[in-house]
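Following this note's numbering, the residues of the sequence shown are numbered contiguously, the last one being 269.
Think of the CB as a built atom: it goes at the ideal place given N, C-alpha and C, for glycine as much as any other residue.
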Amino acid sequence: MTFKSINRAETASATRLTQAFVSLELFAVYFNWALDLTQHNDDNVKFALLVTSWVVYGIFGLVLLINIFTKASATNETSALGLNLNILHSLIPVLLLLLGDGMAPGVAIFTFLTLRLPTVVHHELLQAADTLLLALGFYFLGHSPTLTAIPWTAAFVGISGAWGWRILPALLILSHLYASTLLVCARLLIQQPVNTSLLIATVAVRALASSAACAILRRHLMVWKIFAPRFIFESIGFLVLLGVVSIFSFLRRRFIV
Numbered sequence: 013m014t015f016k017s018i019n020r021a022e023t024a025s026a027t028r029l030t031q032a033f034v035s036l037e038l039f040a041v042y043f044n045w046a047l048d049l050t051q052h053n054d055d056n057v058k059f060a061l062l063v064t065s066w067v068v069y070g071i072f073g074l075v076l077l078i079n080i081f082t083k084a085s086a087t088n089e090t091s092a093l094g095l096n097l098n099i100l101h102s103l104i105p106v107l108l109l110l111l112g113d114g115m116a117p118g119v120a121i122f123t124f125l126t127l128r129l130p131t132v133v134h135h136e137l138l139q140a141a142d143t144l145l146l147a148l149g150f151y152f153l154g155h156s157p158t159l160t161a162i163p164w165t166a167a168f169v170g171i172s173g174a175w176g177w178r179i180l181p182a183l184l185i186l187s188h189l190y191a192s193t194l195l196v197c198a199r200l201l202i203q204q205p206v207n208t209s210l211l212i213a214t215v216a217v218r219a220l221a222s223s224a225a226c227a228i229l230r231r232h233l234m235v236w237k238i239f240a241p242r243f244i245f246e247s248i249g250f251l252v253l254l255g256v257v258s259i260f261s262f263l264r265r266r267f268i269v
């Protein structure tokens, strides 16, 4: 048996294992939604909500590690891209858990649009289309650029109020707010060719325009209701995009041979 056939078998095994884990992830998400409809004052229900949430988080981390270490020995880019698709599949239940059952149709539709976009848009225009898709996804998934619309409840999905580390609740809120950024950037793992320079530049210009509008209209009556929140959301969104693109680009360069 050749090394290439061994590697192909490892890739297929990782894919089958990922499919089983994603099915378990989705079952935990559905069970969490069903529990969320019951009485929250029951300690057993609260504990079950925490357990199902951590099952989803844990499986995502496990799938991520399995596919990363399998990709490290991938002999061709096609196998590695297939493993990247496994990572994308395991990310979707996490976003479903954070956004809740009410936004499940929105997540499904936006994921479909994200994956189908490269097939209907020329690759030279894809980054510009991705920029519009990021803005569409922010509103399509139920968000708005106002301080009162920040989904603080996402910080407690699977985390009790006594949680000591503030970084994890912050990451959950950012994942909720910028789920569209995560999905679009995750698609870059399975996209050929990959070029994010125009995407980053366009989002940077949008953030710069928001900051300029906030500065020019700093004496406006609605500055703290419209312009300042918009500037905050655009700036944080730009930083999130930079961070996510950097992480995914590192995974791609490091583990695709």
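If you compare the alpha carbons of 111, 182 and 32 with that of residue 72, the shortest gap goes to 32. One thing to note: residue 60 has its Cβ within 8 Å of the Cβ of residue 47. Between the region 145-158 and the region 167-185 there are fewer than three C-beta pairs closer than 8 Å, too few to call the two in contact.
Taken through DSSP and simplified to helix, strand or coil, residue 128 comes out as helix.
A straight-line Cα-Cα distance of about 11 Å links residue 182 and residue 162. In the structure shown, residue 70 falls within a helical segment according to DSSP collapsed to helix, strand and coil. Look at residue 218 here: in three-state DSSP terms it is helix. Classified as buried, residue 166 has 16 or more neighbouring CB atoms from the shown chains inside 10 Å of its CB. Put simply, the region 97-105 touches the region 33-44. At least three CB pairs are less than 8 Å apart.
Counting of Cβ neighbours within 10 angstroms places residue 159 among the exposed residues, the total staying below 16. Nearest in C-alpha terms to residue 140, of all of 42, 218 and 54, is 218.
Straight across, the Cα-Cα distance linking residue 43 with residue 191 is about 22 Å. By the CB criterion at 8 Å, residue 199 and residue 82 fall outside the cutoff. In this structure, residue 119 sits near residue 153, with a CB-CB distance shorter than 8 Å. Cβ-Cβ distances below 8 Å link residue 194 to 103, 107, 187 and 256 in the same chain, with the five nearest sequence neighbours on each side left out; the list follows chain order. The residue among 143, 156, 236 and 67 with its C-alpha nearest the C-alpha of residue 197 is 143.
Residue 53 carries a coil assignment under DSSP once its states are collapsed to helix, strand and coil. Per DSSP, reduced to three states, the secondary structure at residue 156 is coil, with no helix or strand assignment.
Straight-line measurement puts the Cα of residue 64 at about 24 Å from the Cα of residue 80.
Secondary structure of residue 172 (DSSP, three-state): coil. Around the CB of residue 242, 16 or more other CB atoms lie within 10 Å, so the residue is classed as buried. Apart from sequence neighbours up to five positions away, the residues of its chain that approach residue 130 with a beta-carbon distance below 8 Å are 138, 199 and 203, ordered along the chain.
Here residue 135 is exposed, its C-beta having fewer than 16 other C-beta atoms within 10 Å. Taking C-beta atoms under 8 Å as the contact rule, residue 239 and residue 225 qualify, at a distance of about 6 Å. For residue 79, the secondary structure class from DSSP, reduced to helix, strand or coil, is helix.
In the DSSP assignment, residue 196 falls within the alpha helix (DSSP H) that extends over 191-199.
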